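Engineer: Numbering (the working numbering), first residue to last: 1 to 465.
All C-beta atoms, glycine included, are put in the ideal place defined by N, C-alpha and C.
In this text, all values refer to a predicted model and were calculated from it rather than measured experimentally.
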Amino acid sequence: MPPSRGHAATAPTRMTPLLAIARNAFVESLRQPIVLVVVLLSGVLQYFNTAISAYSMGYRSVAGEVTGDNKLLFDVGMSTVFLCGILVAAFIATAIVSREIENKTVLTIVSKPVGRIMVVVGKYLGVMGATLIATAIMVVFLMFALRHGVLMNASDKIHQPVVFLGVGSVLVCLAFGGFTNYAYGWPFSQTVLIAMLPLVVLAYLVTLPFGPTWKIEPIAANLKPEVIKACIASIGALIVLTSVATAASTRLGQVMTITICLGVFVLGLLSDYFIGRHAFVNQPIGEVETAQPVKPGMESLNRPGDEYTITFGTPVDVKVDPGDRFFYAPSPNGLGMVPPGFAPIAPGVDINRDLFPADVPPALVVLVPGDEQMTVKAIGGGSLGLSRPPESGDSVFLEPTTVNWPARVVWTAIPRLHAFWLVDAVTQASRIPMEHVGLVLVYSVIQAGGFLGLAILLFQGRDLG
């Protein structure tokens, strides 16, 4: 019985070419020898990172998952994954997209009833899948390096389980790839990479219960969930940079594609300084050192009459008067301002009273000014709706933050790679909320969608004949 002509029957038919293109691009990407070379190179570099990170004057006494010289090891190791991931994405994109256009092999696809949009999206999905596999393996190599750690003293022992299982798993995969290539004709690079991902993950998990000399240790003490969160967030950057490589490869060759990817990488790292700091304009008067409620029950600072005592790390060098507005934000340029931009208080409002008429707009004002310490108070006929009270490290302002829209638009369009770089949070022993990791990945998908749209526009106008 023939299928109906409804949407249920046509949807799989429309998806089949996309999945076929993605699968073909994925397989062809893994077969590129350069991918295996870069992955193995990253493993070798992680080995050298454990040596060059020594004597960086770190202290093991500081609490956290990464301490002492291992902080520098994590920083350098994550940078290695970043750069190697960019190279993998750029090499694959040029091999799968640019080279097929130059060789006219893409004509065999677009000559069929397959739209150019589907070609670009399918190629990107295939390249992204191969990049994720390569990056996941490189992340495991980084985890091996952190598991081994830096030998900071002459008495430190080489971590035998890490060396034996880490190197052994890679050699087994290489031997397996060589055997299957000789006996069955399987592609060497593809076979090694597919076999390596589960095997190196298993090898790393096996090292967790063992110390440097195979002595049994508690597994929980060797787990590093915050490091894993930071690694997951870093993969979001590669999702974006792969879309950049795909867009560039629709018009350019290999060298220029790699150059553009590296250029976007550097620009993304510098965008906060050169553009981001001009997107939100405000001038802080100081930084909160401590913030405490004046009385029990005032912790929220949301009820009219609630008061907080704010202590500054350095003396305030501007004149502050009673009744001045009080704002605070986690950043020194006012980004993420907690209090809403309420208007100045009307003349004649007595900020010292406990109860306020309903017609007095809610506000947060300075009650008792001071150079090193001041008291702030919530006033008005209702709640200001603060999401949280002031905290240590917040910047304090007397005016709401204004937005420089041209700078903000440019800053938003450029991938902010600092958003994916959570290494500092780990080395400073800060907890990374999973919600933040999720938002970072959502941001990467949105950015990738924008560059993928650019890739479609560039490919639509490309002469393939």
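Would you report the Cα separation of N24 and G43, rounded to the nearest angstrom?
Structural biologist: 27 Å
Engineer: For Q145 and G77, which I take to be in contact (beta-carbon distance under 8 Å), what is that distance rounded to the nearest angstrom?
Structural biologist: Gln is not the amino acid found at residue 145; the sequence shown has Ala there. Rounded, the Cβ-Cβ distance is 5 Å, consistent with contact.
Engineer: Near A90, which residues of its chain fall below 6 Å by C-beta distance, leaving aside the five closest residues on each side in sequence?
Structural biologist: A245, T257, I258, C261
Engineer: Have a look at R303 and T401 and give me their C-alpha separation to the nearest angstrom.
Structural biologist: 24 Å
Engineer: State the Cα-Cα distance for the pair H148 and R277, rounded to the nearest angstrom.
Structural biologist: 39 Å
Engineer: Let's see if you can read the secondary structure: which residues bound the alpha helix (DSSP H) around I414?
Structural biologist: Careful: I414 lies outside any alpha helix (DSSP H) and carries neither H nor E.
Engineer: What is the rounded straight-line gap between the Cα of V200 and the Cα of S98?
Structural biologist: The straight-line gap from Cα to Cα measures roughly 32 Å.
Engineer: Please state the DSSP three-state secondary structure of A448.
Structural biologist: helix
Engineer: Per DSSP, Y308 is paired with what?
Structural biologist: P293, V376
Engineer: Excluding the 5 residues flanking V437 on each side, which residues of the same chain have their C-beta closer than 7 Å to its C-beta?
Structural biologist: K229, I232, A233
Engineer: Spatial neighbours of V403 within its chain, please: CB distance less than 8 Å, with the 5 preceding and 5 following residues excluded, ordered by chain position.
Structural biologist: A279, F280, V281
Engineer: CB-CB under 7 Å to C173, same chain, minus the five flanking residues each way: which ones, in chain order?
Structural biologist: V192, A195, M196, L199
Engineer: Quick check: the Cα distance between G336 and P296, rounded to an integer number of angstroms?
Structural biologist: 27 Å
Engineer: Does the segment 177 to 191 come into contact with the segment 29 to 39, if we say contact requires no fewer than three beta-carbon pairs (one atom in each stretch) closer than 8 Å?
Structural biologist: yes
Engineer: Opposite R325 in the DSSP bridges: which residues?
Structural biologist: V365
Engineer: Tell me whether F188 sits in a helix, a strand or coil according to DSSP, three-state version.
Structural biologist: helix
Engineer: Around the Cβ of L241, are there at least 16 other Cβ atoms within 10 angstroms (buried) or fewer (exposed)?
Structural biologist: Label assigned to L241: buried.
Engineer: Taking only three categories from DSSP, how would you classify S430?
Structural biologist: coil
Engineer: Quick check on DSSP: helix, strand or coil for F397?
Structural biologist: strand
Engineer: Taking the straight line between their C-alpha atoms, what separation do you get for K224 and T427?
Structural biologist: 12 Å
Engineer: So is the beta-carbon of N302 under 7 Å away from any non-hydrogen atom of the ligand COA?
Structural biologist: Ligands in the displayed structure: none, and consequently the ligand COA is not present.
Engineer: I need the straight-line Cα distance from R5 to L18, nearest angstrom please.
Structural biologist: Because the pLDDT at R5 is just 48, under 50, the model does not fix this residue reliably, and the value given afterwards should be weighed accordingly. Near 20 Å, if we compare the C-alpha coordinates of L18 and R5.
Engineer: Going by CA-CA distance only, name the one from A203, A134, W405 that's closest to V37.
Structural biologist: Scanning A203, A134, W405 for the CA closest to the CA of V37 turns up A134.
Engineer: Excluding the 5 residues flanking I216 on each side, which residues of the same chain have their C-beta closer than 8 Å to its C-beta?
Structural biologist: P209, F210
Engineer: What alpha helix (DSSP H) runs, 4 residues minimum, are completely inside the segment 18 to 62?
Structural biologist: 33 to 52
Engineer: Per the DSSP calculation, I216 is bridged to which residue(s)?
Structural biologist: BP columns for I216 point to F210.
Engineer: Return yes when the Cβ of G334 is within less than 8 Å of the Cβ of V366, no when it is not.
Structural biologist: Not closer than 8 Å, so no.
Engineer: How is T314 classed by DSSP in three states: helix, strand or coil?
Structural biologist: coil
Engineer: Quick one, which of G286, L454, P330, K377 has its alpha-carbon nearest D350's?
Structural biologist: With distances taken between CA atoms, D350 lies nearest to K377 out of G286, L454, P330, K377.
Engineer: For Q373 and S444, what's the separation of their Cα atoms in angstroms?
Structural biologist: 42 Å
Engineer: Looking only at its chain, what residues have a beta carbon closer than 6 Å to the beta carbon of G449, apart from the 5 residues adjacent to it on each side?
Structural biologist: none
Engineer: Please work out which residues of its chain come closer than 6 Å, Cβ to Cβ, to A248, disregarding the five sequence neighbours upstream and downstream, and give them in chain order.
Structural biologist: T257, I260
Engineer: Just verifying my parser: in three-state terms, what is the DSSP assignment at G370?
Structural biologist: coil
Engineer: Can you tell me the Cα-Cα spacing of G380 and L301, whole angstroms?
Structural biologist: 12 Å
Engineer: Under 8 Å, do F459 and V120 count as touching if we go by C-beta distance?
Structural biologist: yes
Engineer: Closest to L454 by C-alpha separation, out of T180, G341, R116, would be which residue?
Structural biologist: Selection T180, G341, R116 evaluated against L454 yields R116 as nearest (Cα-Cα).
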